[in-house]
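Report on one structure; see the data block that follows.
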Amino acid sequence: MTTVNPITLEVVRNALIAYADEMATVLCRTAYNMMIFEVRDYCVGIVDPEGRIIAQNTGGLPIFLADLGAAVKGAIDIHGVESFKEGDVYISNDPAVCGQHLNNVVVFTPFFHEGKLVAFPALRAHWVDVGGGSRGFGSTSSHEIYNEGLQLCGVRAYSGGEANNEVLRMIRDNIRYPDSSFGDLRAQIAGCRLGERRLSELYTKYGAETVDDCITTIWDQSEKLARHAVAQIPDGTYEASSFIDNDLISRDKTIPIKVKVVVDGEEMTIDFSELPPQQKGPVNSGASGGIAAARVAFKCITAPLGVVNEGEMRPLKIILPEGTMLSALPPAPLGIWSISLPTVIDTILKALADVLPNSITAAHKGDMGGLAMFGFDEAHKRRFICLNIFGGGFGARPNGDGLDAVVSVTQGNVRNAPVEVQEAYYPLQIETHRLRPDSGGAGKYRGGLGVEIVMKSDQDFFMNTHFQRTKLPPWGLKGGLDGAPMSAEIVRADGTTEPGNILDSMRIASGDRMIVRSAGGGGHGNPLDRDAHAVAQDVRNGVVSREAAQEAYGVVFFNDLDELDIEATKSERASRNAKHMELAK
Numbered sequence: 034m035t036t037v038n039p040i041t042l043e044v045v046r047n048a049l050i051a052y053a054d055e056m057a058t059v060l061c062r063t064a065y066n067m068m069i070f071e072v073r074d075y076c077v078g079i080v081d082p083e084g085r086i087i088a089q090n091t092g093g094l095p096i097f098l099a100d101l102g103a104a105v106k107g108a109i110d111i112h113g114v115e116s117f118k119e120g121d122v123y124i125s126n127d128p129a130v131c132g133q134h135l136n137n138v139v140v141f142t143p144f145f146h147e148g149k150l151v152a153f154p155a156l157r158a159h160w161v162d163v164g165g166g167s168r169g170f171g172s173t174s175s176h177e178i179y180n181e182g183l184q185l186c187g188v189r190a191y192s193g194g195e196a197n198n199e200v201l202r203m204i205r206d207n208i209r210y211p212d213s214s215f216g217d218l219r220a221q222i223a224g225c226r227l228g229e230r231r232l233s234e235l236y237t238k239y240g241a242e243t244v245d246d247c248i249t250t251i252w253d254q255s256e257k258l259a260r261h262a263v264a265q266i267p268d269g270t271y272e273a274s275s276f277i278d279n280d281l282i283s284r285d286k287t288i289p290i291k292v293k294v295v296v297d298g299e300e301m302t303i304d305f306s307e308l309p310p311q312q313k314g315p316v317n318s319g320a321s322g323g324i325a326a327a328r329v330a331f332k333c334i335t336a337p338l339g340v341v342n343e344g345e346m347r348p349l350k351i352i353l354p355e356g357t358m359l360s361a362l363p364p365a366p367l368g369i370w371s372i373s374l375p376t377v378i379d380t381i382l383k384a385l386a387d388v389l390p391n392s393i394t395a396a397h398k399g400d401m402g403g404l405a406m407f408g409f410d411e412a413h414k415r416r417f418i419c420l421n422i423f424g425g426g427f428g429a430r431p432n433g434d435g436l437d438a439v440v441s442v443t444q445g446n447v448r449n450a451p452v453e454v455q456e457a458y459y460p461l462q463i464e465t466h467r468l469r470p471d472s473g474g475a476g477k478y479r480g481g482l483g484v485e486i487v488m489k490s491d492q493d494f495f496m497n498t499h500f501q502r503t504k505l506p507p508w509g510l511k512g513g514l515d516g517a518p519m520s521a522e523i524v525r526a527d528g529t530t531e532p533g534n535i536l537d538s539m540r541i542a543s544g545d546r547m548i549v550r551s552a553g554g555g556g557h558g559n560p561l562d563r564d565a566h567a568v569a570q571d572v573r574n575g576v577v578s579r580e581a582a583q584e585a586y587g588v589v590f591f592n593d594l595d596e597l598d599i600e601a602t603k604s605e606r607a608s609r610n611a612k613h614m615e616l617a618k
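According to my numbering, the sequence shown is numbered sequentially starting from 34.
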């Protein structure tokens, strides 16, 4: 039982989260890279010397769920805890420890109180370039980690407040956009320094013993809530399977995904033993990728609205043998590491759909969906790289429609780059950015809509893409229909078309167009049970075509008008239901 004053406990709990959020604000406002200040591809946390997450910002990516500690622990293992001193700054993208593409760079600093190492403020952010053959997100043709850039394994960039200029020069000389990356590095350091100041205020005000007791209590309370949520799930072993398109190199070969979830009392085990082995292409992740996928699914089930800390993950056990696609061993390529994780998470949730019928949604777009455009901007006489991601449909809920045009479950509240910013900074025009009609799966509750985007180039440049889930549509649940799958194509200036799902340094000529159609979410429940007036409103809003309304939902309209014919609709639906019942016999 805790002896911490409950008011003090709440002050400390919220202060720690507020510090992480404030650090994130500093990063966002001072970074040079649009992937940070617009898209917000980062996470911020405070980690203890054992690598346990004390607090994480409320707007961070779920895919980074409680894994900042791996980078910190990796540096401790290299240097020894006694080597850290005030003013130090460490950089890490260690693929063996962090298990992610090298663009995800963690910067962290040690915080001392009264001479004792207490915590590490840490920020992970997406650098646009880390050298090697990768640009933006990573190369789709990479076959080993050495193709993908600099590996910075717990490198001390500042020692006692003094810059290690040899290390910094080595980094600068090996990346294409040093002004961007070093601007982001300074922004990450500024966030860490703010975290140190705020922690100093907290520890000075309450004392180390009280703050540490509060942290322990916060963890224990989070664990208790998570265990209570797991205990509501019937004990048993639940399985599900799916697949992703390919490993980006062997493009005609799908990759199976099979997961097992075991619920035993207050504990849950997510078993990845039947995942495929690590792949030749860059769709692998290290073990932290598999752990992150399991943790995101677990949090969706147990505490989707709660904040993140180490305690809530204690009831979760993860079985992840070495050498699978989500626990790849060096020198496996990791450049497009996150591409499979949305589908893995969807599959975990699918395994529990029958025992949690009021909680699990249909499948969502299931794609991290990104592209990179790069070259030399002829108008401004500068090199450029433009990165962007795209929203899509979320699966319908057991009690409501899916959300439209949102990013994947692994990306949280990440945003797409605004049209105006892209057109102002880069040589391209966004001709279309709209919701994709008929992309949401039909059901009693409709799947969310994907988006359609048409981009036209103003000059020659190069493009990388790595879109997934073009072969496996987001599935429906309880009779709901699948959502429309992802697709992309290049339309050349002469009218010819080429596939655009997977591109590696593809030359785009002036006047060419890239068309992206992101997936919609799966539907939930029998489409014939959907409120006919809601279907008619969807038709009037242009999100469901009249043809789809009649074919999928059995909704009948008067002549050429979008006015609902109630009696004809009832008759049509009754006839279809009778046929379904007859077939079921």
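C-beta atoms are modelled at their ideal positions from N, C-alpha and C, and glycine is treated no differently. The structure presented is a predicted model; accordingly, all values stated were derived computationally and were not measured.
Span of the beta strand (DSSP E), counted from its first residue to its last, around residue i
{"i": "A190", "result": "V188 to S192"}
{"i": "P154", "result": "K149 to H159"}
{"i": "R416", "result": "R415 to I422"}
{"i": "P289", "result": "I288 to D297"}
{"i": "T142", "result": "Careful: T142 lies outside any beta strand (DSSP E) and carries neither H nor E."}
{"i": "G78", "result": "Y75 to V80"}
{"i": "V122", "result": "V122 to S125"}
{"i": "F305", "result": "Looking at the DSSP string, F305 is not in any beta strand (DSSP E), and its letter there is neither H nor E."}
For residue j and residue i, the rounded distance between their alpha carbons
{"i": "N180", "j": "A361", "result": "16 Å"}
{"i": "F145", "j": "A104", "result": "19 Å"}
{"i": "H159", "j": "T498", "result": "17 Å"}
{"i": "L436", "j": "G556", "result": "11 Å"}
{"i": "I251", "j": "L42", "result": "8 Å"}
{"i": "V568", "j": "R469", "result": "16 Å"}
{"i": "Q184", "j": "A326", "result": "23 Å"}
{"i": "L101", "j": "Y459", "result": "33 Å"}
{"i": "K118", "j": "V200", "result": "18 Å"}
{"i": "G169", "j": "Y586", "result": "42 Å"}
{"i": "D137", "j": "L218", "result": "With the sequence shown as reference, residue 137 is identified as Asn, and Asp is not the correct amino acid for it. Distance between the alpha carbons of N137 and L218: 12 Å."}
{"i": "L367", "j": "I178", "result": "6 Å"}
{"i": "I111", "j": "A405", "result": "34 Å"}
{"i": "D598", "j": "G509", "result": "27 Å"}
{"i": "A64", "j": "S441", "result": "24 Å"}
{"i": "D491", "j": "V454", "result": "15 Å"}
{"i": "A475", "j": "R430", "result": "12 Å"}
{"i": "Y236", "j": "R189", "result": "26 Å"}
{"i": "S283", "j": "D400", "result": "19 Å"}
{"i": "G481", "j": "A438", "result": "7 Å"}
{"i": "G141", "j": "S392", "result": "Inspection of the sequence shows that residue 141 is occupied by Phe rather than by Gly. Using only the alpha carbons, I get a separation of about 37 Å."}
For residue j and residue i, believed in contact at Cβ under 8 Å, the rounded distance
{"i": "A450", "j": "G428", "result": "With a Cβ gap of about 25 Å, A450 and G428 do not count as contacting."}
{"i": "V296", "j": "G339", "result": "20 Å between Cβ atoms; not a contact."}
{"i": "A259", "j": "E345", "result": "5 Å"}
{"i": "G409", "j": "R416", "result": "Note that residue 409 is Phe in the sequence shown here, rather than Gly. Right, their Cβ atoms sit about 6 Å apart."}
{"i": "I96", "j": "L374", "result": "6 Å"}
{"i": "S172", "j": "G166", "result": "5 Å"}
DSSP three-state assignment for residue i, whether helix, strand or coil
{"i": "P363", "result": "coil"}
{"i": "P354", "result": "coil"}
{"i": "F407", "result": "strand"}
{"i": "L561", "result": "helix"}
{"i": "S551", "result": "coil"}
{"i": "F590", "result": "strand"}
{"i": "V388", "result": "coil"}
{"i": "H176", "result": "coil"}
{"i": "M496", "result": "strand"}
{"i": "M56", "result": "helix"}
{"i": "E584", "result": "helix"}
{"i": "P310", "result": "strand"}
{"i": "R606", "result": "helix"}
{"i": "L514", "result": "coil"}
{"i": "L546", "result": "First, the residue type needs correcting, since residue 546 is Arg and not Leu in the sequence shown. R546 falls in the strand class under three-state DSSP."}
N- and C-terminal bounds of the alpha helix (DSSP H) containing residue i
{"i": "G107", "result": "L101 to H112"}
{"i": "F331", "result": "A320 to T335"}
{"i": "M203", "result": "N198 to R205"}
{"i": "A88", "result": "First-last for A88: I86 to Q89, but that is the beta strand (DSSP E), not the alpha helix (DSSP H)."}
{"i": "E234", "result": "P211 to Y239"}
For residue i, the residue or residues it bridges with in DSSP
{"i": "S283", "result": "None; S283 has no bridge partner."}
{"i": "R467", "result": "E485"}
{"i": "P532", "result": "E522"}
{"i": "M539", "result": "M496"}
{"i": "S275", "result": "I290"}
{"i": "L436", "result": "Per DSSP, none; premise fails for L436."}
Closer than 7 Å: residue i CB and nearest the ligand GDP heavy atom
{"i": "T529", "result": "Ligands displayed in this structure: none; no statement on the ligand GDP is therefore possible."}
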